[in-house]
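Read in this note's numbering, the sequence shown has 96 at position 85, and its numbers run on one by one without any break.
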Amino acid sequence: MKIMAINCGSSSLKFKLYEMPEEKVLTSGLFERIGMKMGDYVFKQDGTKDVTEIALPDHSVAVEILLKELIRRNIIKSLDEIKGVGHRVVQGGKYFTESALVTEESKAHVKELIDLAPLHNKAHLIGVEAFEKALPNVKQIFVFDTAYHNRGMEPEAYMYAVPYYWYTEYGIRKYGAHGTSHEYIANEYARLTNQDVTKLKIVSCHIGNGASICANMYGKCKDTSMGLTPLEGIPMGTRTGNIDPTVVSYICEKENKDPKTVVNELNKKSGYLGVSEISSDCRDLEDAIALGNERAKLTLDIQAKRIADYIGSYYVLMEGIDAICFSAGIGENSPYVRKIICDRLKVLGVKIDDNLNTGRGIPFRFSTPDSKIDIWNIPTDEEVVIARDTLRLTQK
Ligand code: AMP
Numbered sequence: 012m013k014i015m016a017i018n019c020g021s022s023s024l025k026f027k028l029y030e031m032p033e034e035k036v037l038t039s040g041l042f043e044r045i046g047m048k049m050g051d052y053v054f055k056q057d058g059t060k061d062v063t064e065i066a067l068p069d070h071s072v073a074v075e076i077l078l079k080e081l082i083r084r085n086i087i088k089s090l091d092e093i094k095g096v097g098h099r100v101v102q103g104g105k106y107f108t109e110s111a112l113v114t115e116e117s118k119a120h121v122k123e124l125i126d127l128a129p130l131h132n133k134a135h136l137i138g139v140e141a142f143e144k145a146l147p148n149v150k151q152i153f154v155f156d157t158a159y160h161n162r163g164m165e166p167e168a169y170m171y172a173v174p175y176y177w178y179t180e181y182g183i184r185k186y187g188a189h190g191t192s193h194e195y196i197a198n199e200y201a202r203l204t205n206q207d208v209t210k211l212k213i214v215s216c217h218i219g220n221g222a223s224i225c226a227n228m229y230g231k232c233k234d235t236s237m238g239l240t241p242l243e244g245i246p247m248g249t250r251t252g253n254i255d256p257t258v259v260s261y262i263c264e265k266e267n268k269d270p271k272t273v274v275n276e277l278n279k280k281s282g283y284l285g286v287s288e289i290s291s292d293c294r295d296l297e298d299a300i301a302l303g304n305e306r307a308k309l310t311l312d313i314q315a316k317r318i319a320d321y322i323g324s325y326y327v328l329m330e331g332i333d334a335i336c337f338s339a340g341i342g343e344n345s346p347y348v349r350k351i352i353c354d355r356l357k358v359l360g361v362k363i364d365d366n367l368n369t370g371r372g373i374p375f376r377f378s379t380p381d382s383k384i385d386i387w388n389i390p391t392d393e394e395v396v397i398a399r400d401t402l403r404l405t406q407k
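Next up, the structure:
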C-alpha cells in the first residue's frame, strides 16, 4: 500500500512516498519557493536526483505537479494507489496526544492553534486542503510534533510558574516540539541495542537548525527543552533559546521597538547567527573555528554548555541515564559538536572514543566500553513515523 508523508512549510512542501508496511521509500523530494516569482522542485528516485525550475504560485499547484510527476515517472500507475496522506503538524496544543484523522473538527483545532505556530500550522492546513482537493477520497492524517510530549509530560514539567489563569485562559504551558523525532530516536536506540524502550532512560539530542533535548523515560517524554513555542531551550541556528524575559522590555526601551519585533529578533537573528555574526549554519562556524575565529568557537561553546546543562538536569530528573543519542543535521554530522558536548559530561561517567566519533548519516555507538552511559549517533526519520501512523489510522 502506498502512503505519502508530507511536511508543508509556508513556502515549501517536502514529500516521501512509501510502500507500506515494508517502509520502502519509492521517491522523495521537495518543492521550494512556493508563492514566489520562480520556484523549483526536486525529485529523488533510485539514487538519482533532478531539479526542475517552475513557477509555483501556491501549494495546490505544487500538489498537482507532484501527483502528475508520480505517474509520468512511472512511480505509480494511478492515483488510486495512494491510500493515505500523513501531514506533519508542528503544534497540536492540548488537543492531541496521538496522531489524528483529518476531519472538520481536527482541522478546526489545528486552525485554532495558529497563534502558537503562526508560520507552521497555517502552512500545514494549506497543504491538507491542497491534497483534499486533489485526492478527495483519500484519508488524511495529522501527525503532531507535540503529541509525544503531551502524552508523557506531567504538569510539573509542562506548567510554567506564572499566574495560573494564563494557563486556564490562554493555554500558556510547555508543549515542546520535535516529538516525532524524539520518539523515533528513543525507539530506534532500543531496537538497535535489542532492549525494551519501556525499561530505558534515554536523552535524545535533536540538534539541527532547530534544536531540542528530550528526557525519554520508559518510553515516554518526561521533559523536553522547547516550550510554548520552539523558541525555548538551547540556542539554535537563529533562535536564542532560554533568556531572561526582561531582555525583551529592556531592548524595546533602548531601541524603541515593540515586543513583537524583539521576539522576532530572538527567533530569526539570534542563536548561532546572532552571537557569531558569521552564519546560522554550523558548517560555516566549524570552518571559521578551523581558521582560528574565537567568536565562532564561543558560539558553539555556548550551545554545548547549555546542552550539557539540560543533560545534567535530566540525569537528576530520571535518576540516571542509560543512553544519550545525537541526531538531526548537526547531531548526525558534526563530530566536533558531539565531542564538545560529551567532553562536558565526564562527571557522569561519559567516555567517548574519538576514533569512533567520525561517522555520519548512519547509526553508530561512539562511547568506550567502560563509559557509564551509552553514546550513539542515530539519524532521525520523522517521515517514517508519519507513514507508520498514517498506515495505522487509515486501516482503522
Ligand atoms: P537540519 O535542520 O536538521 O536540517 O540541520 C541543519 C544544520 O545541520 C545546519 O546548521 C547545518 O550546518 C548542519 N550540518 C549539516 N551537515 C553538517 C556537517 N557535515 N557538519 C556540521 N554541520 C552540518
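Think of the CB as a built atom: it goes at the ideal place given N, C-alpha and C, for glycine as much as any other residue.
| Item | Value |
| --- | --- |
| As assigned by DSSP and simplified to three states, the class of K268 | coil |
| Distance between beta carbons of L239 and I183, contact taken as under 8 Å | 6 Å |
| heavy atom of the ligand AMP below 6 Å from R99 C-beta | no |
| Counted within 10 angstroms of its Cβ, other Cβ atoms place V286 as buried (16 or more) or exposed | buried |
| 3 or more residues per run - each beta strand (DSSP E) lying fully within the stretch 210-292 | 212-218, 222-228, 231-235 |
| Lining residues of the ligand SAH - beta-carbon closer than 5 Å to any non-hydrogen atom, in sequence order | Absent from the structure shown: the ligand SAH. Ligands present: the ligand AMP. |
| Spatial distance of A315 from E305 (CA atoms) | 15 Å |
| Whole-angstrom C-beta distance between H131 and Q102, which should lie under 8 Å | 7 Å |
| E194 burial status per 10 Å Cβ neighbour count (16 or more: buried) | buried |
| Sub-7 Å separation of N388 and F375 beta-carbons | yes |
| Spatial neighbours of L284 in its chain, beta-carbon cut-off 6 Å, leaving aside the 5 residues before and after | T249, S291 |
| Short Cβ contact (7 Å threshold) for Y178 with C336 | no |
| Simplified DSSP state of D354, which is helix, strand or coil | helix |
| Cβ shell of V62 (< 7 Å), same chain only, five flanking positions each side left out | D51, V53 |
| Alpha-carbon spacing of Y347 relative to Q406, whole angstroms | 44 Å |
| M164 versus M228: straight-line alpha-carbon distance, rounded | 10 Å |
| Integer Cβ distance of F153 from H98, believed to fall under 8 Å | 6 Å |
| Three-state secondary structure (DSSP) of I87 | coil |
| Buried/exposed call for R317, threshold 16 Cβ in 10 Å | buried |
| Reduced DSSP secondary structure (H/G/I, E/B, other) of H131 | helix |
| Minimum C-alpha distance to E109 - residue among E330, V395, H160 | H160 |
| Beta-carbon proximity list for L203, same chain, < 7 Å, skipping 5 on both sides | P374 |
| V53, enclosing beta strand (DSSP E) - first and last residue | 50-56 |
| CA-to-CA distance, I351 to Q151, given in whole angstroms | 42 Å |
| C-alpha gap between V113 and Y106, whole angstroms | 13 Å |
| Extent of the continuous alpha helix (DSSP H) run through D400 | 393-406 |
| Beta-carbon proximity check, I86 vs T38, cutoff 7 Å | yes |
| Nearest residue (CA-CA) to E394, options V96, L67, S22, P166 | V96 |
| Local Cβ density within 10 Å of L28, reported as buried at 16 or more and exposed below that | buried |
| Under the three-state DSSP convention, the category V139 falls into | helix |
| Length of the line joining the Cα atoms of K144 and G323 | 49 Å |
| Rounded C-alpha distance that separates G8 from Y326 | Nothing can be reported for residue 8: it is not among the residues displayed for the chain, which extend from 12 to 407. |
| Proximity test, Cβ basis, 7 Å: H135 and chain B | Protein chain content of the structure displayed is limited to a single chain, and chain B is not contained in it. |
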